[in-house]
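Trainee: Here the protein sequences come in this chain order: H and U.
Add 64 to the 1-based position in the first sequence for the numbering used here, that's all there is to it.
Add 321 to the 1-based position in the second sequence for the numbering used here, that's all there is to it.
Okay, handing you the structure first.
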Amino acid sequence: MWDYSDKVKDHFFNPKNAGAVEGANAIGEVGSISCGDALRLTLKVNEDSEIIEDAGFQTFGCGSAIASSSVLTEIIKGLTLDDALKVTNQDIAAELDGLPPEKMHCSVMGREALQAAVANYRGEEWKDDHEEGALVCKCFAIDAVMIEEMVWANKLRTVEDVTNFTKAGGGCAACHEDIEAILEKVLKERGETFDPSAAPIEKVEAKVEKKPLTNLQRIKKIEEVIMSFRPQLMADGGDVELVEVIGNTAYVNMTGACSGCQMSSMTIAGIQQRLMEVMAEFIKVVPASQMPAAELVNIKEAGHA
Amino acid sequence: MPDIYLDNNATTKVDSAVVDAMIPFFTEQFGNPSSIHRFADGVAKAIKKARSQVQELIGAEHDSEIIFTSCGTESDSTAILSAIKAQPNRKEIITTAVEHPAILNLVDNLEKEGYTIHRMPVDKCGRLNLEAYKNLLSDQVAIVSVMWANNETGTIFPVVEMAEMANAAGVMFHTDAVQAVGKIPMMLQDTKIDMLSISGHKLHAPKGIGVLYLRRGTRYRPLLRGGHQERGRRAGTENTASIVGLGKACELAIEHMEYENVQVKAMRDRLEQGIVAAIPHCFITGDLNNRLPNTTDIAFEYIEGEAILMLLNKAGIAASSGSACTSGSLEPSHVMRAMDIPYTAAHGTIRFSFSRYNSMSEVDEVLKVMPSIVATLRKLSPYWDSINNEPVADPEQAFQPTYA
């Protein structure tokens, strides 16, 4: 049996807001009976304020799928649609005091149903980036399709490359054999041969500076790393630029094909990984669109120290 | 902790008589059976006795045909790898689509190494087509490996007949009999089965002990090479206490065989009849006319297995599910998929597996709680119409996910 938190169990045994909402004006449906998880989220949205007045769920799935749906309805009730859209799958998992890594897809399903419901309310078409690949890395819930796409897009050659770009294989290492099989397959399609001892691509040596860097040196270094990604992104019709560094967060703009690309979050994760290797410190890479407006005004106080 | 244990195909409680038999081999009789001093004497004799106890349960002709291993998986791997090493010119393996992962993952790997794997399909009841099987047999086949009984549905395959056919075609035959040994009678000396796997913990012996039956005269290559234990066929100091325990468990299995086939079967039958009568939209999977007496696998449509297990567990009942969500993958059990059980049911299968430690009153307890568990989950399901208490018409159409 999975090691579920007490909150997961509580939401499973005593689900909140089960069933369809009467007079719902937003419906989001994701999943399917074939993949074993399906969620219909119904919302009653106040048309003047866009506040979610009521939310209900109907879920076909395991204990954590039902718990994730239940907690999602609790989180979003009372929020405006815009605020509700800021709820991430990590927020859903955190509200449940965590989910086993293999079950993170349940929280993803909750977020997707929410996006679908909001799109439905607004008369928009919603497209998910959910793929039905076999789960390869259970530690970070990464499936075969995503790994294959990253191997193609970034011309990855080794398991280490895959881990650097997707996090897959960075945990318990049980999936390394499966990752090798994917590499073998994609490299074969590319007319190459998989060589397990090949050097990781564009290996950037970790340079641990002995002396602390000045703000300017630090930002320059961060920019240097980000620049090193540009040729590869530009080749695919996209680009990236550094907008601001505040504390340990680097804000970037993804442009061209990278903006709105399904894989942009993976690209950002890859940049973040590389930055951490080079800078030997924890650095978060975040799209500039998420930069708090207040920080722009109070940039001096924001901790460049 | 659950009070009612109905997951005996996963593992069984160690019989107290088995524990009693084992204890001296941790304390007074600790000698290495390979030594020549007096500390080894009793130990070597105990292993010999255990060998003959296993021999009797499976009806082997010679006690030397019993090789002690660490588990069913080791026995399965030894059998298949031995067969391909002993016959390097044969590059094909025949098995079924519903084998235990101990076989399927092994042959998947061998496929990557260039072997051709024939995974025989099954019909909706989990049965094999023997005519198609016959056509696969050739001098290219190194080994046939077919389970005696399926761990999920209990469906029994005609392995005795299949071994005859393999033998006639000059092909080695192995059976993973982990679920069948001790539950149904067998007399290997009257068959053409060359190799057979046993796992101790499925028949009230401890975990970590298994047997590979190897018919005398079968070409063989050991998996573990080293010392001369098990006549050089499986090196490594004997797991003496567990071997003794397995021997005792085999002796007890012979004693209880009739009970398994009459009383245990009666409990199983009462449970499934009660469930099917009380709960709409559920059905029993597998070959109902040819099953282990202790196993039932019931598909509850429109709900998911792990959720059922969690509610059963809360009610003090332990069972198991072939549902994907208990394993972390997206696909439901490969056995259900092979039988072409529709997705509306395949995700909601629950296996109840009994042993001689269960009772009719436990069955009644399960029957008491099961209908409300199913109703609770169906109430939450988008595929169930709670107002009319029936499945929504055409579930795939009624539910329109934004992506398909």
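Where is the CB? At the ideal position from N, CA and C, for every residue including glycine.
Taking the alpha carbon of Leu160 of chain H as the reference point, which residue from H:Asp259, H:Ala148 and H:Ser132 has its own alpha carbon closest?
Mentor: H:Ser132
Trainee: Would you say His525 of chain U and Thr697 of chain U are within 7 Å of each other, going by their C-beta atoms?
Mentor: no
Trainee: DSSP state of Ala599 of chain U, grouped into three classes?
Mentor: helix
Trainee: Once you ignore the five residues that flank Ala636 of chain U on each side, which residues in its own chain have a CB closer than 6 Å to its CB?
Mentor: Val690
Trainee: Buried or exposed: which applies to Gln594 of chain U, given that a residue is buried once 16 or more other Cβ atoms fall within 10 Å of its Cβ?
Mentor: So Gln594 of chain U counts as exposed.
Trainee: Rounded to the nearest angstrom, what separates Ser382 of chain H and Ile243 of chain H at their Cα positions?
Mentor: This structure cannot settle anything about residue 382 of chain H, because the visible part of chain H is limited to 65 through 369.
Trainee: Less than 8 Å between the CB atoms is what I'm expecting for Asn471 of chain U and Val656 of chain U, so what's the real figure, rounded?
Mentor: 6 Å
Trainee: State buried or exposed for Asp497 of chain U, treating a residue as buried only when at least 16 other CB atoms are found within 10 Å of its CB.
Mentor: buried
Trainee: Look at the alpha carbon of Leu339 of chain H and the alpha carbon of Gly162 of chain H, and state the distance between them as a whole number of angstroms.
Mentor: 27 Å
Trainee: Which residues in the same chain as Asp384 of chain U place their Cβ atom closer than 7 Å to its Cβ, once the five residues preceding and following it in sequence are excluded?
Mentor: Arg372, Ser373 and Gln376
Trainee: What residue range is occupied by the uninterrupted alpha helix (DSSP H) comprising Ile140 of chain H?
Mentor: Gly127 to Ile140
Trainee: Taking the alpha carbon of Ala147 of chain H as the point to measure from, which residue in H:Met173, H:Met168 and H:Ser113 has its own alpha carbon closest?
Mentor: A small fix is needed here, since residue 147 of chain H is Asp in this sequence, not Ala. Ranking H:Met173, H:Met168 and H:Ser113 by Cα distance to Asp147 of chain H puts H:Ser113 first.
Trainee: Between which two residues does the beta strand (DSSP E) holding Ile310 of chain H run?
Mentor: From DSSP, the beta strand (DSSP E) with Ile310 of chain H extends over Gly302 to Ile310.
Trainee: Report the neighbours of Ile708 of chain U on chain H: residues whose CB is nearer than 7 Å to its CB, in chain order.
Mentor: Correct list: empty, because the minimum Cβ distance to chain H is about 10 Å.
Trainee: Please report the distance separating the alpha-carbon of Met343 of chain H from that of Ile91 of chain H.
Mentor: 45 Å
Trainee: Going by DSSP, what residue range makes up the beta strand (DSSP E) through Met493 of chain U?
Mentor: Met493 to Asp497
Trainee: Measure the C-alpha to C-alpha separation of Ile286 of chain H and Thr222 of chain H and round it to an integer number of angstroms.
Mentor: The C-alpha of Ile286 of chain H lies about 25 Å from the C-alpha of Thr222 of chain H.
Trainee: What distance in whole Å lies between the Cβ atoms of Tyr315 of chain H and Glu352 of chain H, which are believed to be in contact at a cut-off of 8 Å?
Mentor: The residue asked about is misnamed: residue 352 of chain H is Ala in this sequence, not Glu. Their Cβ separation, rounded to whole angstroms, is 4 Å, which keeps Ala352 of chain H and Tyr315 of chain H in contact under 8 Å.
Trainee: Within the same chain, show all residues whose beta-carbon is closer than 8 Å to that of Thr416 of chain U, passing over the 5 residues directly before and after it, in chain order.
Mentor: Ile424, Leu425, Val428, Ile438, His439, Arg440, Met441, Val465, Ser466 and Val467
Trainee: Do you know offhand how far Asp341 of chain U's Cα is from Ala562 of chain U's?
Mentor: Computed Cα separation, rounded: 10 Å.
Trainee: Less than 7 Å between CB atoms is the rule here; does Gly235 of chain H satisfy it with respect to chain U?
Mentor: Output row for Gly235 of chain H: interface = no.
Trainee: For Phe77 of chain H, name the three-state secondary structure that DSSP assigns.
Mentor: helix
Trainee: Strictly under 7 Å for the Cβ-Cβ distance: is Pro93 of chain H near chain U by that measure?
Mentor: The residue you asked about is not Pro; residue 93 of chain H is Glu in the sequence shown. Interface residue, yes.
Trainee: Tell me which residues share the same chain as Gly547 of chain U and place their Cβ nearer than 8 Å to its Cβ, disregarding the 5 neighbours each side in the sequence.
Mentor: Counting only Cβ-Cβ distances below 8 Å, and skipping sequence neighbours, we find Ala556 and Gly557.
Trainee: Please work out which residues of its chain come closer than 7 Å, Cβ to Cβ, to Leu376 of chain H, disregarding the five sequence neighbours upstream and downstream, and give them in chain order.
Mentor: Lying before the first or after the last residue shown, residue 376 of chain H is absent from chain H, which here runs from 65 to 369.
Trainee: Leaving out five residues on either side along the sequence, give the residues of the same chain with a beta carbon under 8 Å from the beta carbon of Arg537 of chain U.
Mentor: Glu382, His383, Ser385 and Glu386
Trainee: Contact check, Pro165 of chain H vs Ala205 of chain H under 8 Å by CB: the rounded distance?
Mentor: 6 Å
Trainee: On the DSSP bridge list, what partners appear for Phe121 of chain H?
Mentor: H:Ala82 and H:Leu105
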